[in-house]
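Engineer: Numbering (full-length UniProt numbering), first residue to last: 1 to 286. All residues carry an ideal CB built from backbone N, CA and C; glycine is no exception.
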């Protein structure tokens, strides 16, 4: 008898749970059907007022505000349903006011977007503020680099008619930077080069428009020849001194097949009884 009573209780509990689940499904279906039936924003506003025991005719301002709210929610929901327009819209609606008044959960329910996704999105105002601040700092750095390059001790204007560089539609004279110094502002070499205007070009060690020492220039021309023969990786004598010793250079030269190396050097020649510097090719043994 006791076992039969317990079995009946279990069956009763099972049937009760089934009935509760059935009623919950029906209530959900009724609510969804009601939402589909009440399609317009004004009908939804009137329904909300009646559920709060308020007459829409007695509270027209409240009805107008609810209608306006329903219109906005409907437009936002339609916009975020498309993946292309989703992110910009979410940036606009997830601002400081929504977060301060803790309306993210309600917004997530209304527009059918995951709440965690809404919390991760930064507002458009914050991004624009950060972008504006970074742009101002970048322009300040650019102006400092330009002022630094325009100084006479850092660059010189080339006088030739063809020594110009076209920047857009305007032709600007080239400037060769021949002296560098440490910039106090924290700035990498790559950014410094990117900020350098197009008409500022680096001067080659062997290509100068001013008088230089003949011995130094001949050394630079020989180093250039060594680089062409893949003995060194640089054509700058100063860098070569730091990278390799004399013994290492001579050891690589002895490994070459040719006993003689052709290179260029400056020589003084007599032209109309006046001394003049001129480049000549000469085959010499090193």
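(1) Pairs of beta-carbons, one from the stretch 217-225 and one from the stretch 260-268, closer than 8 Å: are there three or more?
(2) Can you tell me where the alpha helix (DSSP H) with residue 240 in it begins and where it stops?
(3) Given 8 Å as the limit, is there contact between the stretch 66-82 and the stretch 100-111, that is, 3 or more CB pairs closer than that?
(4) Can you tell me whether residue 116 is buried or exposed, with buried defined as 16 or more other CB within 10 angstroms of its CB?
(5) I need the straight-line Cα distance from residue 27 to residue 135, nearest angstrom please.
(6) Count the other C-beta atoms from every protein chain shown that fall within 10 angstroms of the C-beta of residue 46, then say buried if there are 16 or more, exposed otherwise.
(7) Where does residue 293 sit, in a helix, a strand or coil, going by DSSP?
(8) Check the DSSP bridge columns for residue 249 and list the partner residues they point to.
(9) Suppose contacts are defined by Cβ-Cβ distances below 8 Å. Is residue 88 in contact with residue 67 by that definition?
(10) Can you tell me where the alpha helix (DSSP H) with residue 287 in it begins and where it stops?
(11) My guess is that residue 226 and residue 256 are in contact by the Cβ rule of under 8 Å, so how many angstroms apart are they, rounded?
(12) Pull up the distance between the alpha-carbon of residue 8 and that of residue 62, whole angstroms please.
(13) Tell me which same chain residues have a C-beta within less than 8 Å of the C-beta of residue 193, skipping the five on either side of it?
(14) Taking only the alpha-carbon atoms, compute the straight-line gap between residue 4 and residue 24 and give it to the nearest angstrom.
Structural biologist: In brief:
(1) yes
(2) Counting from one through the chain shown, the residue named residue 240 turns up at place 240. First-last of the alpha helix (DSSP H) with residue 240: 237-243.
(3) yes
(4) Sequence index remark: in the chain shown, residue 116 carries index 116 (1-based). It is exposed - the Cβ of residue 116 has fewer than 16 other Cβ atoms within 10 Å.
(5) Residue numbering aside, residue 27 sits at position 27 when the chain shown is read from its first letter. Residue numbering aside, residue 135 sits at position 135 when the chain shown is read from its first letter. Cα to Cα, the separation comes out at about 55 Å.
(6) Looking up residue 46 in the chain shown gives position 46. Residue 46 comes out buried.
(7) In this structure the chain extends from 1 to 286, so residue 293 is not present and cannot be described.
(8) Within the chain shown, residue 249 is the residue found at index 249, counting from 1. DSSP, once it has assigned bridges, lists no residue as partnering residue 249.
(9) Looking up residue 88 in the chain shown gives position 88. Looking up residue 67 in the chain shown gives position 67. In this structure, residue 67 does not lie closer than 8 Å to residue 88 by Cβ.
(10) In the structure displayed, the chain extends from 1 to 286; residue 287 sits before or after that span and is not available.
(11) Position 226 of the chain shown holds residue 226. Position 256 of the chain shown holds residue 256. Incorrect: roughly 10 Å between the Cβ atoms, too far for contact.
(12) Residue mapping note: residue 8 aligns to position 8 of the chain shown, counting from 1. Residue mapping note: residue 62 aligns to position 62 of the chain shown, counting from 1. Roughly 54 Å separates the two Cα atoms.
(13) One-based indexing of the chain shown puts residue 193 at position 193. Hits under 8 Å: none found.
(14) As a position in the chain shown, residue 4 is number 4, starting the count at 1. As a position in the chain shown, residue 24 is number 24, starting the count at 1. If you take the alpha carbons of residue 4 and residue 24, they lie about 30 Å apart.
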